[in-house]
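Quick note, the sequence shown lines up with residues 1 to 79 if you use our numbering.
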Amino acid sequence: MEARIAEHPLSSGPVREAFAMIEHLGKDNQEAIAQELRERDLPGLDDLGRLQLRTTFSWWRLHRGRRKLLKRLGRSDDE
Numbered sequence: 001m002e003a004r005i006a007e008h009p010l011s012s013g014p015v016r017e018a019f020a021m022i023e024h025l026g027k028d029n030q031e032a033i034a035q036e037l038r039e040r041d042l043p044g045l046d047d048l049g050r051l052q053l054r055t056t057f058s059w060w061r062l063h064r065g066r067r068k069l070l071k072r073l074g075r076s077d078d079e
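In structure tokens:
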């Protein structure tokens, strides 16, 4: 399960870096964010939006399956 989560598009390094940068800069100034994404050669806002729309459900299912599996094993997500 962990390998499937790690292979998911939302787990990729560039996507995680882009989302972290957006959080750091704040969501208000889209033009500055878009420029910074281009300068760092990261996926753009439109690409991130499309990716999120296409893959959020599968991301959720993977994490739900992981929680169920951990529950069956008697462990929590924190361990």
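Don't be surprised by glycine CBs; every beta carbon is placed ideally from N, CA and C.
Collapsed DSSP secondary structure at residue i in the structure displayed
i	result
L85	Absent from the structure is residue 85, since the part of the chain shown begins at 1 and ends at 79.
K27	coil
M1	coil
S76	coil
H8	coil
R40	coil
Nearest candidate by alpha-carbon position, reference residue i, set the options
i	options	result
T55	E2, M1 and V15	V15
R50	R4, L37, L10 and A32	L10
Check: Is the number of C-beta pairs between the segment 15-35 and the segment 67-77 that are closer than 8 Å three or more?
Finding: no
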